[in-house]
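This note's numbering puts the first residue of the sequence shown at 877, with every later residue one more than the last.
Glycine included, C-beta positions come from ideal geometry on N, C-alpha and C.
The structure displayed is predicted, hence computed values, not measured ones.
One structure below.
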Amino acid sequence: MLLPVTDSRIVARRADIVAALEAIVPGGVVADKSGLATFDSDALSAYHQMPLVCVLPADRHQVSEILKYAQAEGIPIVPRGAGTSLSGGALPREDGILIGMGRMKRILEIDYENGCVVVEPGVTNLNITKAVEAQGFYYAPDPSSQIACTIGGNVAENSGGLHCLKYGLTTNNLLGVTMVLPGGEIVTLGGKCGAQGGLDLLGLVTGSEGLLGIVVEVVVKILRKAPVTRTLMASFDTVTAAGACVAAIIADGVVPAAMEFMDGRAAAAIESYNQPGYPAGAEAILIIDADGVEADVTHAISRVVAIVAESGGKTVEATDEKQRLRIWSGRKAAFAAMGKLAPDMICMDGTIPRHTLPYVLAEMEKLSQQYGLGFCNVFHAGDGNLHPLIIFDVMKEGEFERAEAFGADILRLCVKVGGVLSGEHGVGIEKRDLMTEMFSEADLDQQHRVKCAFDAQGLFNPGKVFPTLSACVEQGHMHVHGAQMPHPHLPRF
877 MLLPVTDSRI VARRADIVAA LEAIVPGGVV ADKSGLATFD SDALSAYHQM PLVCVLPADR
937 HQVSEILKYA QAEGIPIVPR GAGTSLSGGA LPREDGILIG MGRMKRILEI DYENGCVVVE
997 PGVTNLNITK AVEAQGFYYA PDPSSQIACT IGGNVAENSG GLHCLKYGLT TNNLLGVTMV
1057 LPGGEIVTLG GKCGAQGGLD LLGLVTGSEG LLGIVVEVVV KILRKAPVTR TLMASFDTVT
1117 AAGACVAAII ADGVVPAAME FMDGRAAAAI ESYNQPGYPA GAEAILIIDA DGVEADVTHA
1177 ISRVVAIVAE SGGKTVEATD EKQRLRIWSG RKAAFAAMGK LAPDMICMDG TIPRHTLPYV
1237 LAEMEKLSQQ YGLGFCNVFH AGDGNLHPLI IFDVMKEGEF ERAEAFGADI LRLCVKVGGV
1297 LSGEHGVGIE KRDLMTEMFS EADLDQQHRV KCAFDAQGLF NPGKVFPTLS ACVEQGHMHV
1357 HGAQMPHPHL PRF
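Here is the structure:
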């Protein structure tokens, strides 16, 4: 069972709920079956569930009124950005209101003097860069879905991207958010000067997967474009050699702007899909960016070329910007290219210590043989964030179930070697039941108490992240300045 049993009492009140939402957001409610079908899944498309109703607010005040109404009526809430989530985090509920943030897509302020941009959550990742690139700036996090994914969703999942090795994830480029809490209260955390002293609530909200509130405004850092960027493509005869090369580059002290890994199966499919110029016959490819001032880039490139050679690989450098962008276009098209290999795909997401990469790659090959399913490796090698793409045909009996089991074993392997369940896709429903592989009962209890401090009724994205459901009242509460907070001295039940 993906989510808790539907509350039939709420479903029975559907007409009244739709009417109440129409009064709050005139013309912004989707209630017909064909319209709701648009929202029945996110990018973890193996799972579908029709929402009770979808509402599309146009401003923060409408969001606030929706949440006040939902809390008063005890109706679950599921926030949704662009629906590019790969962990089922935006999967709707049949007894819940799906709040789509796509209409809130204004860039509110560009502040070059302070190096930041203020946006609404529906602004796409790439549009932030497009808004400032004429002045020589850009927004560093660049998920493969950046043309579609929105900044609100990026905050919810703490998204990374191809250049996260040097420039970090969303949390490293986030200065502040304004969010609406479950009861409708609007609060601001951080701002143009970043988070203030005291509890790191901004860090807590980043990556919280819609469990704590809804972000309605975001302040992000923008950076000056580096004066020089050079791109290398390194090819290897074995996956193990490429993995060892990654570890050696990092151990040498070189910090590339990006270092992406593709195995031979992935590279061949991508080459067939959009012809980026990948070498035929290679069992593994690394794409490596070095950026900065000329002297630093020249040094980094020379060290990488030497280390690749020592690892048994060959390097080719892009000769101009057109070729450089063509090489990267293949990596950005990797997920789409998997359709060349099989009708269906699950994209996993786990992170490991870099020095374990050769071992983990070898173990994944064994798992592939065990489950009788193909897979491709395409991932952020520099920070150990794996994205194995398991390919299968859902129309063949048992293949989807084997794909799920294969993916779960990959994630268990990540934890076994000292890694974590997720690097940037989040937990959602995909990894929910694996949380006990990484966290103790005490860990999960504490996480749930934090959830209850924000959402005492448990209405926000219920059924996600936590492997077992328990009502906040079971955790024990006390009232602090009008807000319900977990009581630190009450026993667990």
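Three or more C-beta pairs below 8 Å linking the region 1101-1117 and the region 1197-1216: yes
For Val1096, three-class secondary structure by DSSP: strand
With 16 other Cβ atoms within 10 Å as the buried cut-off, status of Lys1272: exposed
Neighbourhood of Val1181 by C-beta, 6 Å cutoff - its chain only, sequence neighbours within 5 removed: Thr1191
Host beta strand (DSSP E) of Asn1253 (start-end): Gly1250 to His1256
Rounded separation between Val1341 and Pro1152 - CA only: 38 Å
Meets three-Cβ-pair contact criterion under 8 Å: the region 1288-1306 and the region 1246-1264: yes
Element boundaries [beta strand (DSSP E), containing Met1055]: Leu1050 to Val1056
Simplified DSSP state of Gly972, which is helix, strand or coil: Coil.
Segment limits, alpha helix (DSSP H) that includes Ile893: Arg890 to Ile900
Sheet register partners of Val840 (DSSP bridge): The shown model of the chain, from 877 to 1369, leaves out residue 840, and the question about it has no answer.
The alpha helix (DSSP H) enclosing Gly1066, as first and last residue numbers: Here Gly1066 belongs to no alpha helix (DSSP H); instead the beta strand (DSSP E) covers Ile1062 to Gly1066.
Inter-residue Cα distance where the pair is Pro880 and Asp1196: One C-alpha to the other measures close to 54 Å.
Nearest-angstrom Cβ-Cβ length linking Tyr1015 and Ile1004, presumed shorter than 8 Å: 4 Å
When Asp892, His1039 and Leu1077 are compared against Leu1099, the one with the closest alpha-carbon: His1039
Reduced DSSP category for Ala1160 - H, G, I as helix; E, B as strand; rest coil: strand
Limits of the beta strand (DSSP E) - the one that Ile983 falls within: Ile983 to Asp987
Residue range of the unbroken alpha helix (DSSP H) whose run includes Arg956: Where Arg956 is concerned, there is no enclosing alpha helix (DSSP H), although the beta strand (DSSP E) it sits in stretches over Ile953 to Arg956.
The region 1229-1246 / the region 1111-1124 touching (three or more Cβ pairs under 8 Å): yes
C-beta contact flag for Arg936 and Thr1054 at 8 Å: yes
In DSSP terms, what Pro1264 is bridged to: Asn1253
Sequence-distant residues of the same chain with beta carbon closer than 8 Å to Ser1187, five excluded per side: Phe1112, Ala1117, Ala1118, Ala1120, Cys1121 and Ala1124
Under 8 Å between C-beta atoms of Gly1066 and Leu1057: no
Residue closest to Glu996, alpha-carbon to alpha-carbon, out of Gly1294, Ser1205 and Gly1029: Gly1029
Inter-residue CB distance, Leu928 and Arg979 (contact presumed, cutoff 8 Å): Contact flag wrong, Cβ pair sits at about 20 Å.
Continuous alpha helix (DSSP H) stretch holding Val1081: start and end: Leu1077 to Val1081
Integer-rounded CB distance, given that Met1314 should sit under 8 Å from Pro1343: Not confirmed; about 11 Å, so no contact.
Asp971 and Asp883 closer than 8 Å at C-beta: yes
Exposed unless 16 or more other CB atoms sit within 10 angstroms - verdict on Ser1020: buried
Exposure label - Arg1308; buried when at least 16 CB within 10 Å: buried
Endpoints, the beta strand (DSSP E) within which Asp1139 is located: Element bounds for Asp1139: Ala1134 to Asp1139.
Collapsed DSSP secondary structure at Tyr1149 in the structure displayed: helix
Pick from Glu1093, Asp1172, Met1221 and Lys1097 that is closest to Glu1277, judged by C-alpha positions: Met1221
Segment contact flag, the region 1314-1328 with the region 1243-1254, C-beta cutoff 8 Å, min 3 pairs: no
Helix, strand or coil at Thr914 according to DSSP, with G and I counted as helix: helix
Cys992, enclosing beta strand (DSSP E) - first and last residue: Per DSSP, the unbroken beta strand (DSSP E) holding Cys992 starts and ends at Cys992 to Val995.
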